[in-house]
Amino acid sequence: MLMPKNQNLNIERWDYRLTYAKEGRARYISHLDLMRTMQRAIKRARVPIWYTQGFNPHAYLMFPLALPLGTDSKVEILDIALTEDIPFDKVVDMLNSSMPEGLYFVSAARPVMKHTDIASAEYVIRAELDAPADSLLEKWQEFVSQEEITIEKRTKPKKGRKQGGVKLVDIKPHITVVSAQARENALMLTLRLPAGGEFNLNSSVVTDAFFAFAQTEPEQVCTERTKILAANGEEFA
Amino acid sequence: MKDIQQKIEKLLLKVQRPARYIGGELGQVVKDKSEVDVRFAFCFPDVYDVGMSHLGMKILYGLKNSRPNWWCERVFMPEKDFAQKMRENDIPLYALESLDPIRDFDFIGFTLQYELSYTNVLEMLDLAGLPVHSRDRKELTPLVVAGGPCVCDPEPMADFFDLFIIGEGEEVNCELMELYERMKPLSPTKEQFLAEAAKIEGIYVPSFYDVSYNDDGTVQKVVPNREGVPERVKKRVISDLDKSFYPESFVVPFTSIVHDRAVVEVLRGCIRGCRFCQAGFIYRPFREKSIGTIEHETKCLCEQTGYEQVSLSSLSTSDHSQIEELLDTLADYTDSERINLSLPSLRIDKFSEELLEKIASVRKSGLTFAPEAGTQKLRDVINKNITEDEIMHTCKMAFEAGYGTVKLYFMLGLPEETDEDVLGIAELAHKVVELYYQTPKEMRASSIQVSVSAATFVPKPFTPFEFEPQATPEEIDRKQKLIIDAIRSKKIRFSYHQQPVSMLEAVLARGDRRICDVIYTAWKKGCILDSWDEHFRPDLWEEAFSECGIDREFYANRRRSYDEVMPWAHLDYLVSREFFVRENKRAHEAVTTRNCAEGCSACGISRQYGGKYCACN
Numbered sequence: 001m002l003m004p005k006n007q008n009l010n011i012e013r014w015d016y017r018l019t020y021a022k023e024g025r026a027r028y029i030s031h032l033d034l035m036r037t038m039q040r041a042i043k044r045a046r047v048p049i050w051y052t053q054g055f056n057p058h059a060y061l062m063f064p065l066a067l068p069l070g071t072d073s074k075v076e077i078l079d080i081a082l083t084e085d086i087p088f089d090k091v092v093d094m095l096n097s098s099m100p101e102g103l104y105f106v107s108a109a110r111p112v113m114k115h116t117d118i119a120s121a122e123y124v125i126r127a128e129l130d131a132p133a134d135s136l137l138e139k140w141q142e143f144v145s146q147e148e149i150t151i152e153k154r155t156k157p158k159k160g161r162k163q164g165g166v167k168l169v170d171i172k173p174h175i176t177v178v179s180a181q182a183r184e185n186a187l188m189l190t191l192r193l194p195a196g197g198e199f200n201l202n203s204s205v206v207t208d209a210f211f212a213f214a215q216t217e218p219e220q221v222c223t224e225r226t227k228i229l230a231a232n233g234e235e236f237a
Numbered sequence: 238m239k240d241i242q243q244k245i246e247k248l249l250l251k252v253q254r255p256a257r258y259i260g261g262e263l264g265q266v267v268k269d270k271s272e273v274d275v276r277f278a279f280c281f282p283d284v285y286d287v288g289m290s291h292l293g294m295k296i297l298y299g300l301k302n303s304r305p306n307w308w309c310e311r312v313f314m315p316e317k318d319f320a321q322k323m324r325e326n327d328i329p330l331y332a333l334e335s336l337d338p339i340r341d342f343d344f345i346g347f348t349l350q351y352e353l354s355y356t357n358v359l360e361m362l363d364l365a366g367l368p369v370h371s372r373d374r375k376e377l378t379p380l381v382v383a384g385g386p387c388v389c390d391p392e393p394m395a396d397f398f399d400l401f402i403i404g405e406g407e408e409v410n411c412e413l414m415e416l417y418e419r420m421k422p423l424s425p426t427k428e429q430f431l432a433e434a435a436k437i438e439g440i441y442v443p444s445f446y447d448v449s450y451n452d453d454g455t456v457q458k459v460v461p462n463r464e465g466v467p468e469r470v471k472k473r474v475i476s477d478l479d480k481s482f483y484p485e486s487f488v489v490p491f492t493s494i495v496h497d498r499a500v501v502e503v504l505r506g507c508i509r510g511c512r513f514c515q516a517g518f519i520y521r522p523f524r525e526k527s528i529g530t531i532e533h534e535t536k537c538l539c540e541q542t543g544y545e546q547v548s549l550s551s552l553s554t555s556d557h558s559q560i561e562e563l564l565d566t567l568a569d570y571t572d573s574e575r576i577n578l579s580l581p582s583l584r585i586d587k588f589s590e591e592l593l594e595k596i597a598s599v600r601k602s603g604l605t606f607a608p609e610a611g612t613q614k615l616r617d618v619i620n621k622n623i624t625e626d627e628i629m630h631t632c633k634m635a636f637e638a639g640y641g642t643v644k645l646y647f648m649l650g651l652p653e654e655t656d657e658d659v660l661g662i663a664e665l666a667h668k669v670v671e672l673y674y675q676t677p678k679e680m681r682a683s684s685i686q687v688s689v690s691a692a693t694f695v696p697k698p699f700t701p702f703e704f705e706p707q708a709t710p711e712e713i714d715r716k717q718k719l720i721i722d723a724i725r726s727k728k729i730r731f732s733y734h735q736q737p738v739s740m741l742e743a744v745l746a747r748g749d750r751r752i753c754d755v756i757y758t759a760w761k762k763g764c765i766l767d768s769w770d771e772h773f774r775p776d777l778w779e780e781a782f783s784e785c786g787i788d789r790e791f792y793a794n795r796r797r798s799y800d801e802v803m804p805w806a807h808l809d810y811l812v813s814r815e816f817f818v819r820e821n822k823r824a825h826e827a828v829t830t831r832n833c834a835e836g837c838s839a840c841g842i843s844r845q846y847g848g849k850y851c852a853c854n
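Residue numbers (the numbering used here), protein chains in the order written: chain A, 1 to 237; chain B, 238 to 854.
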């Protein structure tokens, strides 16, 4: 007869909220691939990871918020549980002992908030042009002063259908501009956008809509997520 | 590097799965260029997902990088979306570690694992900004070389490579690079270097050999056209696997690849001698690693990679003489570390209950068997020494252990195959389904799915079937329909190969130098990624054959006489021609040959090569 493999597991667990960075070459790791990458990193680091109970025990890892492909960050969150109470610094050191380029842990702490507390995130966006960005900054002001900013959003396919539909959504109320400036050939934006389970607005949706509006093709757009925020405006912890 | 990196980073977010094009994985080797004397670009002529799964590359990557002043990097074929962007933005093919263009490397080495990757080689050379023909690359570097199983008949690719590496690569690759390192300061011409390289056993320089043809189109002879090169080039063999290099680390990809796990090679060669199987002959003799070595390599790899699965790899893992003890030893480690141990190549006759239990992980996936032929007579013809009783017995055990999916692999178009043999495939599948229903309900899985796959037989060089014609597409078509009509159960799913692919494989596998032009023409017309159904263009290949005046039937569907000079006659894979003739005759008489463990059948490999069961001098 089949028996769960982990029936003698140590049930006692200590929860850790890890903050990690994903940048450089690592920014091209997709969210799905990141889960696998972290799982292996934890296995290599030999931290005593807590395994889920059941027929298919697997290391417990929880990412409360996905980072879009191509976006840098030093504030990403990964929750894990260990079967031993190890000091935060030591956990970070152990994990960082064998990480791929561009991916590393910044700090560890006990979780304070719930995942559902995440409400928004802040992004610093640098759009590079082949000419001074002053006129593009004007375009930006024009763009955000519109009554409505409608984008096409693909909806999930209905039951029995392969393709989903397209819905028009006004994203204007969801964009908070923290700052916008032109610096030589670059347009620098700091935006606060909704994030988390309720409603998520990807920064590239905003920039794509803007460049379509401005009829400009930037050389390159570099985006960094700088803050993950709770509903009360505090940084998620 | 900075230049290319900037260029590609602007494009990466516009292509599918960009993590495949930027490197940076854990385990990649990065060196200081100023301290490196020899740079080697190891190219796998297919996409990242496939190439990163290849064990040979992992071994040679680790081996070459173990020398402080050599740097070996990885290169794969980009998908069409990225290849197009590379061309539009003047990005030459680059290596993943340094992001440097490979045209500046000392060596560009390809592994030829299957014939359908040939056009990809041309595409990659072209993407690199290099002439595809060896004769048009006048400078010493980059030297474009190839190894792998397909180089046992390298002639269809002879025009494109400077040299081929015949047999196992661990020693000869190092000898070649050492020679280069010694000669490089003397600034030799390409010809001077190749002349020295040709003296190394296992190095074949195609431009040093002339091919002449008979009036009937067959090869008359292949002879050296200069002094100092051997008449026959002998393959290289590693005689002691315990002393041979094995990597302690792998490059661990971010994106999922075909075989995403740690792999430990447990043995090389095969004792079986199935007459259709090229691997069974070109990798002879049979050599094992000791349990201690396998255990050490397993631990090293699992610790370094963090993989949760390790696979014991070989042509037939259960033929290891101490398989039970080996699994016991490894299971102690893998269980305690929560690592899944998998054995991909088990033979039905060795599939004991105990083994089944040992590999039965929590996840019960399917079982895969390869009876290869539908009747006992035909299995005797191909020397696949398993009986129907053994198949049924194993399936019974599997069903009682709760397995619910069974895959059965067969071949169509084998020598001596009759309609009765073909119908035997459907019959065997029905018997397996029936067996499931006879298994008590409380033991068996809740449903049954039998997948039957029938590949078209492709005769390969260095096998007893190298003389055989491939069945014509019409004949295969008819036989596939026979099976489809004979399948009555909804529990059986039947899949089969497309005809033009198998015929192309047959031509490329046993082709001569005249095929080079066909490959070049097909590639010029846009044939790449031929092994991918969505990219394969049979119409373009057909045009290429007719434009070059090459008759495919001559290569694929013609019976070759025992005294015909094969296009690969100047290569010596240590198994004798007499043995292949003897085995071919026995096949037509449906007489089997014992396996190496039961006793030596005098295939010609001398015991000096370290074969466990070899008796020849």
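Backbone N, C-alpha and C fix where the C-beta goes; we use that ideal spot for every residue, glycine too. Keep in mind the model is a prediction, meaning the values are calculated, not measured.
- In the DSSP annotation of this structure, the continuous segment of the beta strand (DSSP E) that includes Glu76(A) starts and ends at Thr71 to Leu82.
- Per DSSP, the beta-bridge partners of Thr223(A) are Thr71(A) and Ile125(A).
- Counting of Cβ neighbours within 10 angstroms places Phe55(A) among the exposed residues, the total staying below 16.
- For the options Phe281(B), Val828(B), Arg254(B) and Tyr351(B), the alpha carbon positioned closest to that of Lys614(B) is the one of Val828(B).
- Contact holds between the region 538 to 548 of chain B and the region 561 to 581 of chain B, because three or more Cβ pairs, one in each stretch, are under 8 angstroms apart.
- Taking the beta carbon of Ile259(B) as reference, the chain A residues within 8 angstroms of it are Arg25 and Tyr28, listed in sequence order.
- Pro393(B) places its beta carbon 9 angstroms or farther from that of Gly639(B).
- Rounded to the nearest whole angstrom, the C-alpha separation of Phe817(B) and Asp447(B) is 25 angstroms.
- Contact of Lys43(A) with chain B by beta-carbon distance below 7 angstroms involves Gly543 and Glu545.
- With contact defined as three or more Cβ pairs closer than 8 angstroms, the region 752 to 766 of chain B and the region 677 to 694 of chain B are not in contact.
- Three or more Cβ pairs closer than 8 angstroms define a contact, and the region 244 to 252 of chain B meets that threshold against the region 318 to 338 of chain B.
- Nearest to Lys270(B) by alpha-carbon distance, out of Ile241(B), Leu250(B) and Pro305(B), is Pro305(B).
- For the region 48 to 82 of chain A, the set of positions with a beta-carbon nearer than 9 angstroms to some beta-carbon of chain B reads Tyr51, Phe55, Asn56, Pro57, His58, Ala59, Leu69 and Gly70 in chain order.
- In the structure shown, Thr530(B) adopts helical secondary structure according to DSSP, grouped into three states.
- Listed in chain order, the non-local C-beta contacts of Pro701(B) below 7 angstroms within the same chain comprise Arg512, Phe817, Glu820, Asn821 and Ala824, local neighbours out to five positions each way being set aside.
- Listed by position along chain A, the residues whose Cβ is nearer than 9 angstroms to that of Ser493(B) are Leu32, Asp33 and Arg36.
- In the displayed model, Lys480(B) falls within coil according to three-state DSSP, outside both helix and strand.
- For Pro608(B), the uninterrupted beta strand (DSSP E) segment begins and ends at Leu604 to Glu609.
- Contact between the region 466 to 483 of chain B and the region 427 to 439 of chain B is present: 3 or more CB-CB pairs across the two stretches fall below 8 angstroms.
- The DSSP-derived three-state label of Thr631(B) is helix.
- Inter-residue distance for Ile86(A) and Ala109(A) is about 11 angstroms (C-alpha atoms, whole angstroms).
- Nearest Cα to Glu219(A) within the set Arg126(A), Phe105(A) and Glu234(A): Arg126(A).
- Not flagged as an interface residue toward chain B: Glu138(A), since no C-beta distance is shorter than 9 angstroms.
- A direct Cα-to-Cα measurement between Lys153(A) and Asp170(A) gives close to 10 angstroms.
- Of Ser303(B), Thr348(B), Cys851(B) and Leu364(B), the smallest CA-CA separation from Ile328(B) is found for Leu364(B).
- Within the region 479 to 511 of chain B, contact with chain A at the beta-carbon level (separation under 9 angstroms) is assigned to Val489, Pro490, Phe491, Thr492, Ser493 and Asp497.
- Per the C-alpha coordinates, the member of Val358(B), Phe279(B) and Glu325(B) positioned closest to Phe342(B) is Phe279(B).
- Under the DSSP definition of a beta bridge, Ala109(A) partners with Arg17(A).
- The contact set of Lys247(B) on chain A, defined by CB atoms closer than 8 angstroms, consists of Glu219 and Gln220 in chain order.
- Per DSSP, Asn577(B) lies in no alpha helix (DSSP H) segment; the continuous beta strand (DSSP E) that holds it begins and ends at Asn577 to Ser579.
- Classified as exposed, Glu235(A) has fewer than 16 neighbouring CB atoms from the shown chains inside 10 Å of its CB.
- The criterion of a C-beta distance shorter than 9 angstroms is not satisfied by Gly650(B) and Thr612(B).
- Within the DSSP bridge table, the entry for Val169(A) names Ile151(A) as partners.
- Ile11(A) counts as exposed, since fewer than 16 other beta carbons sit within 10 angstroms of its beta carbon.
- Annotation: the continuous alpha helix (DSSP H) that includes Ser135(A) extends over Asp134 to Val144.
- According to the DSSP assignment, Asp447(B) belongs to the beta strand (DSSP E) that extends over Tyr446 to Tyr450.
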